[in-house]
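Q: For the protein sequence lines, the chains are B and X, in the order given. To convert, note that position 45 of the first sequence is 45 in the working numbering; the numbers rise steadily by one, no gaps. Numbering-wise, the working numbering comes out as the position in the second sequence, counting from 1, plus 1000. For each residue, glycine too, the CB sits at the ideal point set by N, CA and C. There's a structure below that I have some questions on.
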Amino acid sequence: MINETIGKSGLAGSNELATNWTLIATSKEFKDLVALKKTFIVPACIFFLVYYFALAVLVGYLPKLASTRVIGTVNVAYLFALSQFVAGWVIAALYLVAATKFDALSDDILARVDGRQGSQ
Amino acid sequence: MSNSLAIFLFLFFVAGTLGITYWAAKRSRGAGAYFAAGRRITAWQNGFAVAGDFMSAASFLGLIGLIALQGMDGILYSVGGFIAFVTILLVMAEPLRNLGKYTMGDVLAYRFRPRPVRALVAFSTLTTATFYMIAQMVGAGALVNLLLADSGISYNMAVAGVGTLMMIYVIFGGMLATTWVQIIKAILLSACGLVLTVLVLERFHFRLLPFFSAASQISYHQQSQLVIRDFLQPGLHYHPPHGPLDLISLSLMFVLGTAGLPHVLVKFYTVPDARTARRSVAWAMIVIGLFYVLSTILGLGAAIEIGPDSILANGGTNMAGPRLAQVVGGDLFFAFVSAVAFATILAVVAGLMISASTSFAHDFWTNVIHQGRERKPGESVRVARVAGLAIGALSMLVAIRLGPASNVIILATFGMVVAASANFPVLALSIYWRRFNTAGAVAGLGVGLLASLVFIVTGPNLMGLDAASTTGGRHLIQAQPWFPYENVGIVSVPLGLLAAIIATLLTKEPSAESMFDELTVRANTGLGAERVSG
Chain B
1 MINETIGKSG LAGSNELATN WTLIATSKEF KDLVALKKTF IVPACIFFLV YYFALAVLVG
61 YLPKLASTRV IGTVNVAYLF ALSQFVAGWV IAALYLVAAT KFDALSDDIL ARVDGRQGSQ
Chain X
1001 MSNSLAIFLF LFFVAGTLGI TYWAAKRSRG AGAYFAAGRR ITAWQNGFAV AGDFMSAASF
1061 LGLIGLIALQ GMDGILYSVG GFIAFVTILL VMAEPLRNLG KYTMGDVLAY RFRPRPVRAL
1121 VAFSTLTTAT FYMIAQMVGA GALVNLLLAD SGISYNMAVA GVGTLMMIYV IFGGMLATTW
1181 VQIIKAILLS ACGLVLTVLV LERFHFRLLP FFSAASQISY HQQSQLVIRD FLQPGLHYHP
1241 PHGPLDLISL SLMFVLGTAG LPHVLVKFYT VPDARTARRS VAWAMIVIGL FYVLSTILGL
1301 GAAIEIGPDS ILANGGTNMA GPRLAQVVGG DLFFAFVSAV AFATILAVVA GLMISASTSF
1361 AHDFWTNVIH QGRERKPGES VRVARVAGLA IGALSMLVAI RLGPASNVII LATFGMVVAA
1421 SANFPVLALS IYWRRFNTAG AVAGLGVGLL ASLVFIVTGP NLMGLDAAST TGGRHLIQAQ
1481 PWFPYENVGI VSVPLGLLAA IIATLLTKEP SAESMFDELT VRANTGLGAE RVSG
């Protein structure tokens, strides 16, 4: 399937594939890779930044809410702070899983490039 | 008795690190080995090494003391230090590994005219490293001061001793030795944090609610009045009018700054490829996250068991952790924890030294002065060693001038603010923005660096009026602070970023734009990345 798409995108047939960065950069495979990465990384970044800065906003600007006790004397602020660690670990785990797909796509691109180099 | 044991353990760790340095020096030859450990470090090894590199005296000594005095406000430091690694994981580690050779300057030199960019990057790297180094030296001096005061070793002698040691590391060692010292230190530090937490909670029969209940009624003196405070409640330190925005500023500094710290970033050059770099960040997040969760217990524990009054009176904030160990674990454990804190400092100092001297040798000497050619083999390694000596001497002098009372985490944040305002925006823009160019990079680095320095110097951390009776922790400049916020990132980060964007939009550099294709292909696929060597 990758071979087909490479044929369509015009990657095959180039004589300078190893050095022609623009050709690789504009190929469909590469654009797909970058687009796929973006669909994970951009939302993940927005989520963790919003979630993270919410803690500073809570502690700084909403001290009443932050001090509300939930279990015993443990309050919203401390629980929210702990949840940051959980959120960080979950994002990291999800990213590691998603990245296996990125790796497969970039391996395909590298294989194409190596193949061209070998045949020259 | 505890003192002689502590001295023995200190010497044991010093001997251990020197042994590793000797072992690694025999194994590695050439620049690739010296600067990047031959790129043979595995994912878990690098994860622990990154944790060992990042969790400095600031994390162990500074952070626990800060939470013990500021409660919830201090806990935000724990969260920030951890969350910062999400930024590194998602946007920085992999492109950096794919694009660079030894330093973050390599990434910028791809598309931009290398000489101005590398010169500035070398300068901001040296600035960041020097701030961090000063923090480690103050920590080492304070530790020795508390522990060995009656053995005749003074704060100044301790600082000089650590300074000499780190010069030995940089002269004989290299990245391989540094990495192993950091791995071992990360394991020791995590183990210490774990045992210490267990000992603290044991006093509450491992029931968390009574522990937090005790933390909600800490009594101490504030302006000679006895007050009782809930340490989980915000506002102990950061209160209006400037407090809330200061917290946002603090968070901004962590989340961007850590991903711009040269000594953390160089660790990603020591692994074989970007995938290993990615997995090593995940390992680092496990180690750092666990330690920082525990640090909240340890900080509150120090507030409960020792109390803010006693912390300030004996040894200062930096010694809250070791003293907690003494209270809950006895003299033996106290000596061990102090020695581990000392080993922590040695490991971080080794890492700082190598990143700073690498940047000077590789970015400035080889690429700026000699336009990318190494005239004699081994010259860059020699230059790196000389640079290391100079930085070591400078930070030694400043640390002696500052004295043991300055909180080391506050000192370390100065370096991080430079990284957040100058290094990170320029690195990120050069990887992700096609239009970005040399003028933008130079403006971003220059303005970010300058703004951070100006606001740090005129801010309340260094500038302030102390009562004539204050002996420890006097402000460096005795005047009303000009800049109201302790954390200057809220102003310096946007300034650096705006300068980078405006300077880019005002100029055109077609060569930088056309090189973006190569950069983005390399960054995303690892094509043509530096391979395993040495």
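Just to confirm, is the Cβ distance from L1196/X to I1409/X under 7 Å?
A: no
Q: Taking just the CA atoms, how far does A1529/X sit from Q120/B?
A: With a pLDDT of 43 at Q120/B, under the threshold of 50, the modelled position of that residue is not reliable, and the figure given next carries that caveat. For Q120/B and A1529/X, the distance between alpha carbons rounds to 21 Å.
Q: Quick check on F1012/X: buried or exposed, where buried means 16 or more other Cβ atoms within 10 Å of its Cβ?
A: exposed
Q: In whole angstroms, what is the alpha-carbon distance linking A1335/X and D1309/X?
A: Answer to the nearest angstrom: the Cα atoms are 23 Å apart.
Q: Let me know the secondary structure DSSP gives N1461/X once reduced to three states.
A: coil
Q: To the nearest angstrom, how far is the alpha carbon of A1341/X from that of A1347/X?
A: The alpha-carbon atoms of A1341/X and A1347/X are separated by roughly 10 Å.
Q: Would G88/B and F1082/X qualify as a contact pair, given that the criterion is a beta-carbon distance under 7 Å?
A: Contact: yes.
Q: If we ignore side chains and look at the alpha-carbon of each, how far apart do Y52/B and L1247/X end up?
A: Taking the Cα positions, Y52/B is about 12 Å away from L1247/X.
Q: Tell me, to the nearest whole angstrom, how far the beta carbon of L1099/X is from that of I1490/X; I am working on the premise that it is less than 8 Å.
A: Going by Cβ atoms, the distance from L1099/X to I1490/X rounds to 30 Å, so no, they are not a contact pair.
Q: Using the three-state DSSP reduction, which class does D107/B fall into: helix, strand or coil?
A: Residue state, collapsed to three classes: helix.
Q: Would you kindly report the start and end of the unbroken alpha helix (DSSP H) that includes V1383/X?
A: 1379-1402
Q: Kindly list the residues whose CB is nearer than 7 Å to the CB of G1464/X, restricted to its own chain and excluding five residues on each side of it in sequence; keep chain order.
A: Same-chain partners within the cutoff: H1475, P1481.
Q: My output table needs one value for L1261/X: the three-state DSSP class, helix, strand or coil.
A: coil
Q: If we call anything under 7 Å between Cβ atoms a contact, is Y1169/X one with T1358/X?
A: no
Q: How would you list, in chain order, the residues of chain X whose beta-carbon sits under 8 Å from the beta-carbon of L55/B?
A: L1076, V1079, S1251
Q: Ordered along the chain, which non-local residues of its own chain (more than five positions away) have a Cβ less than 6 Å from that of F1172/X?
A: For F1172/X, where only same-chain residues beyond five positions count, the Cβ hits under 6 Å are T1021, A1025.
Q: Any beta carbon of chain X sitting closer than 7 Å to that of I24/B?
A: Output row for I24/B: interface = yes.
Q: Against chain X, does N20/B count as a neighbour if the rule is that its beta carbon must be under 7 Å from one of theirs?
A: At least 7 Å separates the CB of N20/B from every CB of chain X.
Q: Does the Cβ-Cβ distance between A1058/X and A1135/X come in under 7 Å?
A: yes
Q: Report yes if the CB atom of N1145/X is closer than 7 Å to the CB atom of I1400/X, and no otherwise.
A: In this structure, I1400/X does not lie closer than 7 Å to N1145/X by Cβ.
Q: At which residues does the beta strand (DSSP E) containing L1226/X begin and terminate?
A: 1225-1229
Q: Using a Cβ cut-off of 7 Å (strictly closer), state whether I91/B contacts chain X.
A: yes
Q: Go through its chain and collect everything with a Cβ distance to K101/B's Cβ below 8 Å, but skip five positions before and after it.
A: Around K101/B: L36.
Q: With DSSP run on the structure shown, which of helix, strand or coil describes Y1169/X?
A: When DSSP states are grouped into helix, strand and coil, Y1169/X belongs to the helix group.
Q: Which of the three DSSP states, helix, strand or coil, is assigned to N75/B?
A: It is a strand residue.
Q: For the alpha helix (DSSP H) holding I1218/X, just list the boundary residues, first then last.
A: Note, I1218/X: premise wrong, no alpha helix (DSSP H); beta strand (DSSP E) at 1218-1222.
Q: With distance defined between alpha-carbon atoms, name the residue in L1089/X, T1366/X, I1184/X nearest to Y95/B.
A: L1089/X
Q: Are the C-beta of E1513/X and some C-beta of chain B separated by less than 7 Å?
A: no
Q: Could you check where the alpha helix (DSSP H) with R1115/X kicks off and where it finishes?
A: That run of the alpha helix (DSSP H) goes 1114-1148.
Q: By Cβ distance, which residues of its chain are closer than 6 Å to P1484/X, with the 5 residues on each side in sequence left out?
A: H1242
Q: Alpha carbon to alpha carbon, how far is V1328/X from F1211/X? Give it in angstroms, no decimals.
A: 14 Å
Q: Between the alpha carbons of V1293/X and W1433/X, how many angstroms are there, rounded?
A: 36 Å
Q: Looking at C-alpha atoms only, which residue of A56/B, A99/B, V70/B is the closest neighbour of I1075/X?
A: A56/B
Q: Can at least three beta-carbon pairs, one atom from the segment 1116-1128 of chain X and one from the segment 71-87 of chain B, be found at a separation below 8 Å?
A: no
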